[in-house]
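Okay, so here's the structure we're looking at.
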Amino acid sequence: MILLSEVKVYAHRGASGYALENTWDAFFKACEFGVGIELDVQITKDGVVVVFHDDNLRRLTGFNADIEALAYEDIKDLRVGKKWIRPFQHYQIPLAYEVFQWAKKKNIPLNVELKASFVKNPKGPQILAAMLEGIRDIHLSSFNPQLLEEMKKLMPSTEMALIIKKNKQLPYVKEMEWVDSIHLHKRLLNKALWADVLELDKKVRLYGVLGSESLITQLNSQTVGIITNYPDRVKRKIASPLFG
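What follows is the structure, encoded as structure tokens:
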């Protein structure tokens, strides 16, 4: 049995099922739902941390360039949005520091995912660690275990979550003492994988959840969070005091 209070819901890139991903509107919507926020951070060539998912700007801005190759001045005025309507929208790339400070004031739990630009910027981890000082309810996640190891050295009391792409990665997690938890896509779940997860004895968060899945009411006791585009749906699904 799992207590509802032990499972935190995180809005994926903000409440991205209702507003454009990683924008202030998506974060405000998540705040309305009373949930945590998962967001992605990149770092520019001149060391400015921004909230943006893709390494390349093209999908959401139309500007074909990698963030890590540009200065903040080159991207700060770019309009963000879907191809045909972004010129008419007000969305711009948020500064991570402003989002962090807003979340701190609102007591919003954060899941900060570090993207590839932090691997390429030697000062990136130190800049981010300094920026996050004093923020309590936070954990960092990444597909890159070496990046998490570096962040753990800088922030030893902060939880580090490894995002697993394939179940074949799980055996290697045993050797990574700096990894405190794992994030799994729901499509990876099966009985064999849950057995491997239990062996690891690490906290688990599931992502890719839409809110209608029966698996939500069949969670393993190590599951501490769900990351979803539709946090309101997930909250309704797990609304009973006990489920399992």
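Just so we're aligned, residue 3 is where the sequence shown starts under my numbering, counting upward by one.
Just so you know, even glycine gets a beta-carbon here, dropped at the ideal spot from N, CA and C.
Selected residue, minimal CA-CA separation from residue i, among the options
| i | options | result |
| --- | --- | --- |
| Ile69 | Glu75, Arg61 and Asp57 | Asp57 |
| Arg81 | Gln91, Lys108 and Asn24 | Gln91 |
| His55 | Phe30, Leu156 and Gly16 | Gly16 |
| Trp180 | Leu134, Leu156 and Asp234 | Leu156 |
| Gly126 | Asp234, Gly49 and Met178 | Gly49 |
| Leu190 | Tyr99, Lys170 and Tyr232 | Lys170 |
| Glu115 | Gln224, Tyr232 and Tyr12 | Tyr12 |
| Gly196 | Leu221, Ser143 and Phe29 | Looking at the sequence shown, residue 196 is not Gly but Trp. Nearest of Leu221, Ser143 and Phe29 to Trp196, Cα basis: Leu221. |
| Lys122 | Leu149, Phe65, Ala32 and Arg88 | Leu149 |
| Glu215 | Asn109, Ser223 and Ile228 | Ile228 |
| Ser223 | Lys239, Glu75, Lys204 and Pro233 | Lys204 |
| Ser159 | Pro147, Phe145 and Ile137 | Ile137 |
| Gly213 | Asp198, Ile39 and Lys239 | Lys239 |
| Leu142 | Tyr93, Ile39 and Asp27 | Ile39 |
Same chain, Cβ closer than 7 Å to residue i, neighbours up to 5 away in sequence not counted
| i | result |
| --- | --- |
| Leu186 | Ile166, Val206 and Leu208 |
| Lys47 | Glu70, Ala71, Leu72 and Ala73 |
| Asn146 | Val121 |
| Tyr232 | Gly19, Leu212 and Gly213 |
| Pro89 | Arg81 |
| Glu152 | Pro127 |
Close-in-space but distant-in-sequence residues of the same chain around residue i (CB under 6 Å, 5 per side omitted)
| i | result |
| --- | --- |
| Ala105 | Leu112 |
| Asp182 | Glu161 and Met162 |
| Ser119 | Gln44, Ile45, Ile69 and Glu70 |
| Lys188 | Leu208, Gly210 and Val211 |
| Asp139 | Pro111 |
| Lys237 | Val11 |
| Ile129 | Gly49 |
| Ser144 | Leu116 and Leu150 |
| Lys235 | The sequence given here places Arg at residue 235; Lys does not occur at that position. Answer for Arg235: Gly213, listed in chain order. |
Cβ neighbour criterion (16 or more within 10 Å) applied to residue i
| i | result |
| --- | --- |
| Asn24 | buried |
| Lys117 | buried |
| Phe102 | buried |
| Ala132 | exposed |
| Lys168 | exposed |
| Phe65 | exposed |
| Thr219 | exposed |
| Ile87 | exposed |
| Glu135 | exposed |
| Glu75 | exposed |
| Lys193 | exposed |
Whether residue i touches residue j by CB criterion (9 Å)
| i | j | result |
| --- | --- | --- |
| Arg60 | Ala67 | yes |
| Lys84 | Leu22 | yes |
| Thr230 | Gly36 | no |
| Lys10 | Val226 | yes |
| Pro124 | Val52 | no |
| Met178 | Leu200 | no |
| Asp27 | Tyr93 | yes |
Contact test: residue i Cβ vs the ligand FMN heavy atom, cutoff 8 Å
| i | result |
| --- | --- |
| Leu208 | No copy of the ligand FMN appears in this structure; indeed no ligand is present at all. |
Beta-carbon proximity list for residue i, same chain, < 8 Å, skipping 5 on both sides
| i | result |
| --- | --- |
| Leu202 | Leu172, Val175, Lys176 and Ile184 |
Cβ separation of residue i and residue j, assumed to be a contact under 8 Å, to the nearest whole Å
| i | j | result |
| --- | --- | --- |
| Cys33 | Lys107 | Not a contact, Cβ separation roughly 11 Å. |
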